[in-house]
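Student:
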Amino acid sequence: MTSNPKVQTIRFRGPTNVQTVPEKPPLPRHSGILQDQLRRAQRRPWTPSYSLAVRILFLVRVAGAMYSNISDCDEVFNFWEPLHFLDQGYGFQTWELSPQFAVRSWAYILLHSLPPRLGNIILPGDKRAAFFAVRILLAAMSVFAV
27 MTSNPKVQTI
37 RFRGPTNVQT
47 VPEKPPLPRH
57 SGILQDQLRR
67 AQRRPWTPSY
77 SLAVRILFLV
87 RVAGAMYSNI
97 SDCDEVFNFW
107 EPLHFLDQGY
117 GFQTWELSPQ
127 FAVRSWAYIL
137 LHSLPPRLGN
147 IILPGDKRAA
157 FFAVRILLAA
167 MSVFAV
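Per the working numbering, the sequence shown starts with residue 27, numbered consecutively.
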């Protein structure tokens, strides 16, 4: 052997005289009659992370808010018209919300009065922006309530 530190050498492992004992096959973990032996070694099913699940859910809710119809007349006359009346200053006022009868409260409508104003700031003069601002806010609130 050379004692020169700049020389690289390979050291081979010497032969061993020890006999290797073959391993026993593993015992079956499940002894039931009906076992799915084909899918036992497959990977687990894909599950999204929490942030990806929230983003997918937000996308679905916003798409639903943008493309769904108004299917109930009570939604129009008990929510959208009073909100438009509160935001724009004119519009149809139902008898339930009129000061003469005051059957319904303005409290729920006042909770939703900020998004239409933000929609009017972003796109002034466009009532659709106010409408979709409310719907997208409700979609976001339903996602983060989960």
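We treat Cβ as the ideally placed atom computed from N, Cα and C, and that holds for glycine.
All of these numbers come straight from a predicted model, not from anything done at the bench.
Should serine 139 and aspartate 113 be called a contact, given that it needs their Cβ atoms to be closer than 8 Å?
Tutor: Position 113 of the sequence shown holds residue 139. Position 87 of the sequence shown holds residue 113. Contact: yes.
Student: Which residue from Ile135, Leu85, Pro108 puts its Cα closest to that of serine 168?
Tutor: Residue 168 sits at position 142 when you count from the first residue of the sequence shown. Minimum Cα distance to serine 168 is reached at Leu85.
Student: Please state if the CB of phenylalanine 157 and the CB of proline 92 are separated by a distance shorter than 8 Å.
Tutor: Mapped onto the sequence shown, residue 92 falls at position 66. Mapped onto the sequence shown, residue 157 falls at position 131. Residue identity check: residue 92 is methionine in the sequence provided, not proline. It is not a contact, given that the beta carbons lie outside the stated cut-off.
Student: Do proline 141 and leucine 123 count as a contact pair if the criterion is CB distance below 8 Å?
Tutor: By one-based count along the sequence shown, residue 123 stands at place 97. By one-based count along the sequence shown, residue 141 stands at place 115. Not a contact, by the Cβ cut-off of 8 Å.
Student: Suppose contacts are defined by Cβ-Cβ distances below 8 Å. Is alanine 165 in contact with arginine 87 by that definition?
Tutor: Translated into positions along the sequence shown, residue 165 becomes position 139. Translated into positions along the sequence shown, residue 87 becomes position 61. Contact: yes.
Student: Taking the C-alpha atoms as reference points, what is the distance between histidine 110 and isoleucine 147?
Tutor: What you label residue 110 is simply residue 84 of the sequence shown in a count that begins at 1. What you label residue 147 is simply residue 121 of the sequence shown in a count that begins at 1. If I take the Cα positions, the gap works out to 15 Å.
Student: Thinking C-beta only, is glycine 115 closer than 8 Å to glutamate 107?
Tutor: Here residue 107 refers to the residue found at position 81 of the sequence shown. Here residue 115 refers to the residue found at position 89 of the sequence shown. No; because the gap between Cβ atoms is not below 8 Å, this pair is not in contact.
Student: Can you give me the C-alpha to C-alpha distance between threonine 120 and asparagine 104, rounded to a whole angstrom?
Tutor: For the purposes of this step, residue 120 is taken as the residue at position 94 of the sequence shown. For the purposes of this step, residue 104 is taken as the residue at position 78 of the sequence shown. Threonine 120 and asparagine 104: Cα-Cα distance of roughly 7 Å.
Student: If distances are taken between C-alpha atoms only, which option among Arg161, Ala171, Leu78 comes closest to serine 94?
Tutor: Against the sequence shown, residue 94 aligns to sequence position 68. Nearest option by C-alpha distance: Arg161.
Student: Between the alpha carbons of leucine 144 and tryptophan 72, how many angstroms are there, rounded?
Tutor: By 1-based counting over the sequence shown, the position of residue 144 is 118. By 1-based counting over the sequence shown, the position of residue 72 is 46. Going from the Cα of leucine 144 to the Cα of tryptophan 72 covers about 39 Å.
Student: Should isoleucine 96 be labelled buried (16 or more other beta-carbon atoms within 10 Å of its own) or exposed?
Tutor: In the sequence shown, residue 96 corresponds to position 70, counting from 1. Per the 10 Å Cβ criterion, exposed.
Student: When burial is assigned at 16 or more other CB atoms within 10 Å of the CB, is isoleucine 36 buried or exposed?
Tutor: To locate residue 36, count along the sequence shown from 1; it is residue 10. Counting Cβ neighbours within 10 Å, isoleucine 36 comes out exposed, since fewer than 16 surround it.
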